[in-house]
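**Student:** Residue numbers (this note's numbering), protein chains in the order written: chain A, 496 to 811; chain B, 324 to 635. Beta carbons are placed, not taken as given, at the ideal position from N, Cα and C, and that holds for glycine. Mind having a look at this structure? Questions to follow.
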């Protein structure tokens, strides 16, 4: 993918481990600095395994979120915004935002074999083979195995619930396939922008014979409120192009890949509480998190406190 | 195109409630789909406008049981369901359903079938006002409560989470409880030119009850439509219902069933249109229950006496 053309900000890398990177651009230190505030980016660059969600990824995301919370550069300044993206600014492989839960890991349910992604490519157009039929069956059973449950619950509680109520604006810059758990990362953000022309966004569960689980269901309902879209996206497992996702209001904007990150950055700058666009004079991070929790109560509760075995009709 | 009569097998036919199944494997080879079963639940109790009373509820439960357990249907998940009052042959079918049987509720326990239910939209008289008063009081009496709760729990909650696509083909007036049958379905299509869709409760001085309220909120999310439909008891024509997002399409009556059939075929999990490769009926019901949790809980577990501010 071509690198982001106009991006020339001066950034500091605060975290860089196994493909998960956190950078911070201090706007007051930029060329022709006119504003203040810090634009933080959380890069998902585990592209060798399509950014799938497994215990390793979850652990890295938690560490990254901890860094964003506590790093000296960020801890005392509420004037921030966060971009989450898989985009590769150097033009490397970034075909996936995230391919969702690591089915291969779940198949082996407890083995720490990192998935190589070959049999679990949900977002591609390749045919599902007979072998992967067996894989899906087993994965579906394993969703309720305790190791997989723990992983899913940790993802919901320690990653999604946390992103959902972060005390600053969050922007998912969707650089490619955005499937299942990957879509839920994007839905927990305040804004979603997506690259044009390639990549799908999908809730694959109906196609895989799986349930959503309470956390994912409530999050979807909190951020996608049109019943027609919920019906089409969830009950029909529709694969959305960026254009279709935009028309259905699942995403906010679509941009060519070479502009995606710049546009995310613009959105982030305009979303700084002290920006000219916002001027939230008495902004309080604590209050902001509380507001988000009040707005997305059902999603927050289900993500934070839900268990995989909760029955579908539970009210959490 | 709706299937030729030869493809259709009648699985259930009692007192105006009919279940028919069209097995697509019997279609000619050049048809779009050659597998799957389109089931139709016909509401043909037109002499009493398909009102909801204990007899109707009992028949609907039997029909739903049959759809679940009939040998032709039990072993295949590749199915869809149409619910309609369309008579198909041009016979009397002015109503999808006129809602709760107020006449039955007036007599609250007597099994007299209503022959002139007072909710008919065209007739308004002072006589009617008196009967509505009495009906309103009787809503909380035992037999009526039981009936409403059974309708919610055994019919609506069940339709709401069926493990296949459901389509209400609204062939005429769709009022109150009739509208709730349609809202319990995944899709709603309605005939043009005649017939109204309405939440009549505000006009009748009744409350919605938790189940009906949560169902309405689950399927109609535009606050402006909820306000206009529920608080103003607006009578929607098909065009207005379409604009308000209450229905998905409108068609002339002669096309209604054919279009419902198309929607049903395209909703088969194994259809070309959907290709839900690893479809699981159990998973599908769970997904629907997760999507419509509040409506499911209120319909399944709600009691008529639950206070309006209850969170079920």
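#1: Just the chain A side, please: which residues come within less than 7 Å of residue 597 of chain B by C-beta, in chain order?
#2: Return the chain-ordered list of same chain residues with a C-beta closer than 7 Å to the C-beta of residue 755 of chain A, the five sequence neighbours on each side being excluded.
#3: Quick test of the definition: if touching needs 3 or more C-beta pairs under 8 Å, does the stretch 505-521 of chain A touch the stretch 529-545 of chain A?
#4: Mind listing the chain B neighbours of residue 601 of chain A? Cutoff is C-beta to C-beta under 8 Å, in chain order.
#5: Would you kindly report the start and end of the unbroken beta strand (DSSP E) that includes residue 424 of chain B?
#6: Pairing CB atoms from the stretch 748-764 of chain A with CB atoms from the stretch 334-344 of chain B, are three or more of them under 8 Å?
#7: Please state the DSSP three-state secondary structure of residue 570 of chain B.
#8: Would a C-beta distance cut-off of 9 Å place residue 487 of chain B and residue 423 of chain B closer than the cut-off?
#9: Where does residue 337 of chain B sit, in a helix, a strand or coil, going by DSSP?
#10: With which residues is residue 521 of chain A paired in a DSSP beta bridge?
#11: Could you spell out where the beta strand (DSSP E) holding residue 507 of chain A opens and where it closes?
#12: For residue 798 of chain A, count neighbouring Cβ atoms within 10 angstroms of its own Cβ and tell me buried if that reaches 16, exposed if not.
#13: Quick check on residue 632 of chain B: buried or exposed, where buried means 16 or more other Cβ atoms within 10 Å of its Cβ?
#14: Closer than 9 Å by beta-carbon distance: list the chain B residues that pair up with residue 790 of chain A, in chain order.
#15: Less than 9 Å between CB atoms is the rule here; does residue 601 of chain B satisfy it with respect to chain A?
#16: Have a look at B:585, B:499 and B:428 and flag the residue whose alpha-carbon is nearest the alpha-carbon of residue 492 of chain B.
#17: Are any of the Cβ atoms in chain A nearer than 9 Å to that of residue 541 of chain B?
#18: Report the neighbours of residue 810 of chain A on chain B: residues whose CB is nearer than 8 Å to its CB, in chain order.
#19: Using a Cβ-Cβ cut-off of 6 Å (strictly less than) and excluding sequence neighbours within five positions of residue 566 of chain A, which residues of its own chain qualify?
#20: Between residue 488 of chain B and chain A, is any beta-carbon pair separated by less than 9 Å?
#21: Can you tell me which residues form a DSSP beta bridge with residue 756 of chain A?
#22: Given a threshold of 16 other Cβ atoms within 10 Å of its Cβ, counted over all protein chains shown, does residue 712 of chain A qualify as buried or as exposed?
#23: With distances taken from CA atoms, which of B:480, B:575 and B:594 is nearest residue 536 of chain B?
#24: Among A:549, A:544, A:560 and A:548, which one has its Cα closest to the Cα of residue 537 of chain A?
#25: Using beta carbons (cut-off 9 Å, strictly below), is residue 655 of chain A in contact with chain B?
#26: With a threshold of 8 Å on Cβ separation, who are the neighbours of residue 369 of chain B within its own chain once the five nearest residues in sequence on each side are excluded?
#27: Helix, strand or coil for residue 811 of chain A, going by three-state DSSP, please let me know.
#28: Leaving aside the five residues before and after residue 512 of chain B along the sequence, list all residues of the same chain whose C-beta is less than 8 Å from its C-beta, in chain order.
#29: By DSSP, does residue 371 of chain B sit in helix, in strand, or in coil?
#30: Out of A:576, A:514 and A:697, state which residue places its alpha-carbon closest to the alpha-carbon of residue 765 of chain A.
#31: Take the Cβ of residue 597 of chain A as the centre, count every other Cβ of all protein chains shown within 10 Å, and call the residue buried at 16 or more, exposed below.
#32: Can you name the start and end residues of the beta strand (DSSP E) that residue 577 of chain A belongs to?
#33: Since residue 665 of chain A sits in a beta bridge, which residues does DSSP pair it with?
#34: For residue 402 of chain B, write down the residues that DSSP places opposite it in a beta bridge.
#35: DSSP on residue 691 of chain A, reduced to helix/strand/coil?
#36: Below 9 Å between beta carbons: does that hold for residue 607 of chain B and residue 542 of chain B?
**Tutor:** Let me spell this out:
#1: 731
#2: 582, 668, 670, 688 and 690
#3: Result yes; three or more Cβ-Cβ pairs closer than 8 Å.
#4: What residue 601 of chain A touches in chain B: nothing, since even the nearest Cβ is about 14 Å away.
#5: For residue 424 of chain B, there is no enclosing beta strand (DSSP E), as DSSP marks it with neither H nor E.
#6: no
#7: coil
#8: no
#9: In the structure shown, residue 337 of chain B adopts extended strand secondary structure according to DSSP, grouped into three states.
#10: A:533
#11: Residue 507 of chain A -> beta strand (DSSP E) spans 507-512.
#12: buried
#13: Burial state of residue 632 of chain B is exposed, judged by a 10 Å Cβ sphere holding fewer than 16 other Cβ atoms.
#14: Neighbours of residue 790 of chain A on chain B: none; closest Cβ ~16 Å, over 9 Å.
#15: yes
#16: B:585
#17: yes
#18: Using a Cβ-Cβ cut-off of 8 Å, residue 810 of chain A is close to 616, 617, 620, 634 and 635 of chain B, given in chain order.
#19: 509
#20: Taking 9 Å as the CB threshold, residue 488 of chain B lines the interface with chain A.
#21: Residue pairing of residue 756 of chain A in beta bridges, as defined by DSSP: absent, with no partner found.
#22: Burial is judged here by how many other beta carbons sit within 10 angstroms of a residue's own beta carbon; residue 712 of chain A has at least 16 and is buried.
#23: B:480
#24: A:560
#25: no
#26: 339, 408, 410, 414, 415, 416, 417 and 418
#27: coil
#28: 490, 491, 492, 493, 570, 571, 572, 573, 574, 579, 582, 583 and 586
#29: helix
#30: A:576
#31: buried
#32: 575-580
#33: Residue 665 of chain A pairs with A:577.
#34: According to DSSP, which records beta bridges pairwise, residue 402 of chain B is partnered with B:360.
#35: For residue 691 of chain A, the secondary structure class from DSSP, reduced to helix, strand or coil, is coil.
#36: no
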